[in-house]
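Engineer: Below is the structure I would like to discuss, written out as structure tokens.
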Amino acid sequence: MKKCMIGKRYGSLVVIEKVKISGKPKTYWRCQCDCGNTCTVEDSHLKNGHTKNCGCRRRIRIQEKRLDLTGQRYGRLVVLGPAAELTEKKEGTMEQSGSSEGDRADRPGRMSDYWLCQCDCGKQCICRKENLRSGVTRSCGCLQEAQRKVNMKKAIHFMDGTCVERIACRKTFSNNTSGHREVYRRENNRWRASIGFQGKSYNLGSFATYEEAVQARLDAEKRLYDPFLAKYREKNS
Numbered sequence: 016m017k018k019c020m021i022g023k024r025y026g027s028l029v030v031i032e033k034v035k036i037s038g039k040p041k042t043y044w045r046c047q048c049d050c051g052n053t054c055t056v057e058d059s060h061l062k063n064g065h066t067k068n069c070g071c072r073r074r075i076r077i078q079e080k081r082l083d084l085t086g087q088r089y090g091r092l093v094v095l096g097p098a099a100e101l102t103e104k105k106e107g108t109m110e111q112s113g114s115s116e117g118d119r120a121d122r123p124g125r126m127s128d129y130w131l132c133q134c135d136c137g138k139q140c141i142c143r144k145e146n147l148r149s150g151v152t153r154s155c156g157c158l159q160e161a162q163r164k165v166n167m168k169k170a171i172h173f174m175d176g177t178c179v180e181r182i183a184c185r186k187t188f189s190n191n192t193s194g195h196r197e198v199y200r201r202e203n204n205r206w207r208a209s210i211g212f213q214g215k216s217y218n219l220g221s222f223a224t225y226e227e228a229v230q231a232r233l234d235a236e237k238r239l240y241d242p243f244l245a246k247y248r249e250k251n252s
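Read in order, the letters of the sequence shown are residues 16 to 252 in the numbering used here.
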């Protein structure tokens, strides 16, 4: 009676042959799906309509529901296609962004949420769908780097070839051993002080004590730096 099921159709499945599965007393059938795949289905699942295809219908429904971002532009990025499909074809050739701008494909989440993108700078990166659509990700990371350089330029100001921030900051550098900038002990145990300004270095003299050398340096800062900074502030106020 079971053999007569061979050749019968149940939904998208056509029964090919009976299958014996070790350790399972129930009857199973190998079926050919209309999509071309084969699958093994329990006898009762075929008869009661529980299983009507190999699972391809569910995959199709998921694909239909998935928003296709291919060809869409987000900032500097153009979406090439689903990351799961394209990276399988070009495995080992993709560049992944490790910056805060880009997304890493090894982060938790479904691969269907990730898309392979081409950045205007020439690099490729894998990005999350949500980050693209919300504007969180707009480049492979190069946009953030470019903005960082712009911010650095804005933070540093020059006048007459002199960096304003450098002379305005009177802090001692970490590699300074004397405790004060451009004050150091000579081999004869005397202290020397100097100051740099507008590309020139001025020797302030040799002193018997450290305190004298520091005071000479402070006097030179007031004489050279303070008028320069006052002029800069007046010019940019």
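Heads up, the beta-carbon is just placed ideally off N, CA and C, and yes, glycines get one too.
(1) Note down the Cα distance separating G26 from T42, rounded to an integer number of angstroms.
(2) How about L244 and I182: do their beta carbons lie closer than 8 Å?
(3) What does the alpha-carbon distance come out to for the pair I21 and G96?
(4) To the nearest angstrom, report how far apart E32 and I77 are at their CA atoms.
(5) Could you tell me which of G214, L28, C134 and R196 sits nearest to G64, measuring between CA atoms?
(6) Are the beta-carbon atoms of W130 and L84 separated by less than 8 Å?
(7) Going by DSSP, what residue range makes up the alpha helix (DSSP H) through I182?
(8) Grab the span of the beta strand (DSSP E) containing P40 for me, first residue to last.
(9) Look up T108 in the DSSP assignment and say whether it is helix, strand or coil.
(10) Candidates S193, E180 and R148: which alpha carbon is nearest Y247's?
(11) Tell me whether K35 sits in a helix, a strand or coil according to DSSP, three-state version.
(12) Please classify S37: is it buried, with 16 or more other beta-carbons within 10 angstroms of its beta-carbon, or exposed?
(13) Reducing DSSP to helix, strand and coil, say where A208 ends up.
(14) Grab the span of the beta strand (DSSP E) containing V94 for me, first residue to last.
(15) Pick helix, strand or coil for I141, following the three-state DSSP scheme.
(16) Check each candidate in C136, S149 and C140 and name the one with the smallest Cα separation from A161.
(17) Exposed or buried, what is N218 when buried is set at 16 or more other beta-carbons lying within 10 Å of its beta-carbon?
(18) Check the C-beta distance from C71 over to C46 and give it rounded, since I have them as a contact under 8 Å.
(19) Assign R213 to one of two classes, buried (16 or more other C-beta atoms within 10 Å of its C-beta) or exposed (fewer than that).
(20) Would DSSP call C136 helix, strand or coil?
(21) Does DSSP classify K246 as helix, strand or coil?
(22) In whole angstroms, what is the alpha-carbon distance linking R119 and D128?
Structural biologist: Quick answer:
(1) Taking the straight line joining both Cα atoms gives about 19 Å.
(2) yes
(3) 41 Å
(4) 30 Å
(5) L28
(6) yes
(7) V179 to A183
(8) DSSP places P40 in no beta strand (DSSP E); its state is neither H nor E.
(9) Because T108 carries a pLDDT of 35, less than 50, the predicted location of this residue cannot be relied on, and the following value inherits that uncertainty. Coil at T108, not helix or strand.
(10) Residue E180 is the option with its Cα nearest to Y247.
(11) coil
(12) exposed
(13) In this structure, DSSP gives A208 an extended state, which the three-state scheme calls strand.
(14) Unbroken beta strand (DSSP E) run through V94: L92 to P97.
(15) strand
(16) C136
(17) exposed
(18) Not confirmed; about 12 Å, so no contact.
(19) Residue 213 is actually Gln in this sequence, not Arg. With fewer than 16 Cβ atoms within 10 Å of its Cβ, Q213 is classed as exposed.
(20) coil
(21) helix
(22) Residue placement at R119 cannot be trusted, given a pLDDT of 46 that sits under 50; what the coordinates show is reported in the next sentence. Cα to Cα, R119 sits roughly 12 Å from D128.
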